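In the working numbering, the protein residues as written are 2 to 238. All residues carry an ideal CB built from backbone N, CA and C; glycine is no exception. Only a predicted model underlies this, so the values are computations on that prediction, with no experimental measurement involved. Step one of this worksheet: look at the structure below.
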Ligand SMILES: [Zn+2]
């Protein structure tokens, strides 16, 4: 977590977003299709790295495709309230967030992305190339291989996937419908669920629920790991 002060006083951006450069050629996903990703063809990555990234992508997509994921995402609203598009963004119903993340809203599409390991402790995502570089701590959590450490890595990738939703088929770049930042006003209401963090934590808790590894209730899990920020509670080994 770090503080980013931009024109609109962005706060608590979990992953850095470089400025747009050039449009990407990759086609958008169709209606009713969720996030899509493949390992980044990076010559610095070993065959083992590529396999690990492919496994993390596959497992994250499996979890967000579970009926329990959508059920748990829809359950957020009754317990925690409406979900913000960003810290300063509109409040949306959990049902609307679920529709958007499943690709069911015809006004929005997912930009295919490539996923690699970053060489630093920060995760970044680029608009133009649709590339997600996951922080070394995410790699280490996935590599550690415990249920709880893997759940954290799934949270991170499900969160990043939320950033790849774009407006309309004419939009060539990822345009970040869901963002982590927001205004000063958003900061004061920071306890309200934020879409990206909520999606990540619901994926994490759905995985823990499936693996019979929840400590307390599902809502306890969501509270613990955060719906408006990301907390690891030392579960990363
Ligand atoms: Zn983010």
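DSSP state of residue i mapped onto helix, strand, coil
{"i": "residue 229", "result": "coil"}
{"i": "residue 109", "result": "strand"}
{"i": "residue 67", "result": "coil"}
{"i": "residue 117", "result": "strand"}
{"i": "residue 1", "result": "The shown model of the chain, from 2 to 238, leaves out residue 1, and the question about it has no answer."}
{"i": "residue 214", "result": "coil"}
{"i": "residue 103", "result": "coil"}
{"i": "residue 161", "result": "helix"}
{"i": "residue 180", "result": "coil"}
{"i": "residue 236", "result": "coil"}
{"i": "residue 155", "result": "helix"}
{"i": "residue 30", "result": "coil"}
Distance CB(residue i)-CB(residue j) smaller than 8 angstroms
{"i": "residue 1", "j": "residue 142", "result": "Limits of the chain in this structure are 2 at one end and 238 at the other, which puts residue 1 out of reach."}
{"i": "residue 109", "j": "residue 178", "result": "yes"}
{"i": "residue 144", "j": "residue 236", "result": "no"}
{"i": "residue 156", "j": "residue 205", "result": "yes"}
{"i": "residue 87", "j": "residue 181", "result": "yes"}
{"i": "residue 94", "j": "residue 80", "result": "no"}
{"i": "residue 200", "j": "residue 131", "result": "no"}
{"i": "residue 111", "j": "residue 166", "result": "yes"}
{"i": "residue 69", "j": "residue 161", "result": "no"}
{"i": "residue 99", "j": "residue 35", "result": "no"}
Near ligand 1: residue i beta-carbon under 7 angstroms from a heavy atom
{"i": "residue 181", "result": "yes"}
{"i": "residue 160", "result": "yes"}
{"i": "residue 45", "result": "no"}
{"i": "residue 197", "result": "yes"}
Cross-strand partners of residue i (DSSP beta bridge)
{"i": "residue 127", "result": "132"}
{"i": "residue 167", "result": "110"}
{"i": "residue 195", "result": "85"}
{"i": "residue 39", "result": "115"}
Cβ separation of residue i and residue j, assumed to be a contact under 8 angstroms, to the nearest whole Å
{"i": "residue 158", "j": "residue 57", "result": "6 angstroms"}
{"i": "residue 114", "j": "residue 38", "result": "5 angstroms"}
{"i": "residue 194", "j": "residue 85", "result": "7 angstroms"}
{"i": "residue 135", "j": "residue 116", "result": "7 angstroms"}
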